[in-house]
Amino acid sequence: MTGDKPHLTRAHVLDLLRHMIRIRRFEDRCAELYTREKIRGFLHLYDGEEAVACGVIPVLGPGDRIVATYREHGHALARGVPMDAVMAEMFGKATGSSGGRGGSMHIFDAGHNFYGGNAIVGGGLPLAAGLALADRMRGAPHVTACFFGEGAVAEGEFHESMNLAALWGLPVLFVCENNGYAMGSALARTEAQTQLTAKAESYGMEAHQVDGMDVVAVEAATRQALARIRETGKPVFLEAKTYRFRAHSMFDAQLYRDKAEVEEWRQKGPIVRFQGWLLQNGLIHEDDVAAIEQVAEAEIDAATAFAEQSAWEPVESLTRHVMAEDRPPPPPAAEPSGRTVTMTYREAVRQGIRDALARDTRVFLMGEDVGAYGGCYAVSKGLMAEFGEDRIRDTPLSESGFTGAGIGAAVAGMRPIVEVMTVNFSLLALDQILNTAATLRHMSGGQFGCPVVIRMATGAGRQLAAQHSHSLEGWFAHIPGLRVLAPATIEDARGMLWTALQDPDPVLIFENVMLYNREGEIDEGAGPVGIDRAAIRRPGRDVSLITYGGSLWKVLEAAEALAADGIEAEVIDLRTLRPLDEDTIAESVNRTRRAVVVDEGWRSGSLAAEVIARIAERCFWSLDAPLARVCAAEVPIPYPAHLEAAAIPQVPAIVASAKATLGR
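Residue numbering for the sequence shown follows the UniProt record's numbering, beginning at 1 and increasing consecutively.
In structure tokens, the structure reads:
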């Protein structure tokens, strides 16, 4: 079918009916298999909502992208993801569409531009905005269709994504499958404004409501919406009023609605309604329906047998698809030019960003006030004038929305640098960092990588008080699927960014606020810097002082003070917090036989505790003294300068701790 109106030929109506019956029978079989404990975990069935997927997805082009919800089996089947692979994924088998890693809620298929189900309500919306942003920046003629339930409209990520899409003119078809109940609360119980199109219209977005139980109406609305998006490049919101016949999930006792209501909706369900109309008008015959059902059952039987017979992934490959298996080789060391220049840490970061923008057209910088303002810490000052507003992209104050958009753009092949103003604000984006960026490769069975770089300021010392001053990088270093960097030197500030942008996985870079004004010499020809190894910044024999980021310079000062007392301390700059370079740490501690870890994070649950645990695991029999650490006091960072200084590690405490390991 072409154009913006459906053509109800016999072949087309049979195709629509076939799609819906196929999905309905598949879901019926999944419910049966769940009761037999073949499918486990959460199982969210699409019964009753088939007209939405079947009215929208077949109208999309093969280059268009789809972001779905956790109720995405129908979306996947309508898109053409092979049923064998979908069923095997439901079983958790290695032959599944996501290699068995995603299960019912996380079906992915790169070959069909199917970017998976998302188990976080509203979590897929920023991803969809980012996929569309990548297409817009490259001038690609694609549309991203994003499915979500009406429960998502209460989420901040819904509003942040609506605003971004409308503000930037992103080619997204937002499809709200309004089944009335979210999980178990009726819309009127949870929303002050139940007219959902009004929410989209408040962002200046074209919005339409359609009967989601009428597949022809859904297709017609979709064709018109896609025509508008392709014509204008702007997003369209489509609310499909539908109903799920089954429980929210197979765990749901459905105490919030009665059986009579469900039965009333079943009588006007999309298959009953469309099939009855076709039969009544002589467009199809009972034999046609019987043939469709027979073919569907045979396909489902074959898919079930395939899943039953498929192998489980061996336990030996448990750690696959956490990070990319094929990473680029370490960058070659730049040849020294013999000429040095003086610059600040801030200028080094800016030069690293400038180099990247000039080198690779896929690179762009996005974040709060990075453009016209020049960045909260003036890192990006002047870059908008040099590279333009498209590549130095000011965002709204919506950390989850723009971080998720950066993640989506990276998944689509761009190389975004996302700046989060300060580490405390990163917690607003934690959902997107943890639940999307860090898990996407794993959940998709390695089909999708996420080469995004996220920068943020961290640390205390500027009297910015408790909501702008903490050191939370240890929290992110806890998360598999991320690479976490803490450049402390000018060379690292400039060169680690270069290397991070070549990495196929998400990289977080933490820049200590006390370093921005630090000045030093750097070779004019300085280039990329490795991001895998710790560095010994000062050799020594008596004690290993292990630290990172802004504390490095305090530790080096402490080492000088110790040297005046005849103690030669070795200073290790971790540089990379995840993965930790255990070999460099262990080699040093096995020589010095003592260690002190200095960390601006709080002592309880600190990164220092992790480093100490690994030293104990690898170096226990070499130690001549208990392991020690110097961390932030167990208090929110205070505003007064003297209290702020007392709350974080300082040189005297580092010296005292090192001496204590030597019995002095």
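Just so you know, even glycine gets a beta-carbon here, dropped at the ideal spot from N, CA and C.
Here's a check: name, in chain order, each residue in its chain whose Cβ is nearer than 6 Å to the Cβ of residue i, leaving out the five neighbours to either side.
i	result
residue 672	No statement about residue 672 is possible, as the shown extent of the chain runs from 1 to 664 and does not include it.
G540	E568, A569 and E570
R339	E524
F387	L357
G520	I490
T547	V555 and V598
A385	none
E419	G367, V370 and R455
Classify residue i: buried if its beta carbon has 16 or more other beta carbons within 10 angstroms, exposed otherwise.
i	result
G151	buried
V635	exposed
Q432	buried
G495	buried
Y181	buried
T342	exposed
F402	buried
N281	exposed
N424	buried
V13	buried
N517	exposed
T2	Low confidence applies here, because T2 scores a pLDDT of 47, under 50, leaving its location unreliable and the question unanswered by this model.
H19	buried
L643	exposed
M663	Note that residue 663 is Gly in the sequence shown here, rather than Met. Counting Cβ neighbours within 10 Å, G663 comes out exposed, since fewer than 16 surround it.
D64	buried
P270	buried
D84	buried
T35	exposed
G103	buried
H285	exposed
A311	exposed
A410	buried
At what residues does the beta strand (DSSP E) containing residue i begin and finish?
i	result
Q351	That residue, Q351, is in no beta strand (DSSP E); its alpha helix (DSSP H) goes Y345 to R359.
M205	Unbroken run through M205: none, as it is neither H nor E.
E521	E519 to D523
F91	Note, F91: premise wrong, no beta strand (DSSP E); alpha helix (DSSP H) at M83 to F91.
I66	R65 to V67
F364	V363 to G367
R25	Run containing R25: none in the beta strand (DSSP E); it sits in the alpha helix (DSSP H), R10 to T35.
D629	The residue asked about is misnamed: residue 629 is Arg in this sequence, not Asp. Looking at the DSSP string, the run of the beta strand (DSSP E) that includes R629 is A628 to A632.
T576	T576 to R578
Since residue i contacts residue j with CB under 8 Å, what's their CB separation in whole angstroms?
i	j	result
H112	G61	Not quite, the Cβ-Cβ distance comes to about 12 Å (not below 8 Å), so this is no contact.
W265	G48	7 Å
L440	I479	Their Cβ separation, rounded to whole angstroms, is 13 Å, which puts L440 and I479 out of contact at 8 Å.
V67	Y115	5 Å
G413	A134	6 Å
E219	G55	4 Å
F237	A291	F237 to A291, Cβ: 38 Å. No contact.
V289	R230	With a Cβ gap of about 35 Å, V289 and R230 do not count as contacting.
L552	A488	4 Å
V379	R350	5 Å
G99	E313	7 Å
Is there a C-beta anywhere in chain C that falls below 8 Å from the one on residue i?
i	result
L255	Among the chains in the structure shown there is no chain C, since it carries only a single protein chain.
Ignore the nearest five residues each way along the sequence and tell me which others in residue i's own chain have a CB closer than 8 Å to its CB.
i	result
A356	V363, R415, I417, L497, W498 and L501
A647	A460, A632, A633, V635, I637 and P638
A166	Y203, G204, M205, K234 and P235
V655	A558, A561 and L562
D252	M183 and G184
A110	S444, Q447 and F448
In terms of residue numbering, what span does the alpha helix (DSSP H) encompassing residue i cover?
i	result
W168	G156 to W168
residue 666	No information on residue 666 is available, as it lies outside the stretch 1 to 664 that the chain covers here.
D135	G124 to R138
A145	Unbroken run through A145 is the beta strand (DSSP E), T144 to G149; no alpha helix (DSSP H).
T661	V651 to T661
C619	L607 to C619
W498	I490 to A500
L278	P270 to Q280
Which same chain residues, not among the five before or five after residue i, have their C-beta less than 7 Å away from its C-beta?
i	result
D4	R223, Q224 and A227
S249	F42, L43 and H44
L187	E150, G180 and T194
residue 669	Past the boundaries of the shown model lies residue 669; the chain is included only from 1 to 664, so the question cannot be answered.
R578	A477, L482, R483 and V484
Q254	A247
S657	V596, A628 and V630
### Message
For a minimum of 4 consecutive residues, which ranges assigned as the alpha helix (DSSP H) are wholly contained in the region 415-472?
### Response
440-443
### Query
Which runs of the beta strand (DSSP E), 3 residues or longer, sit entirely within the region 226-257?
236-241
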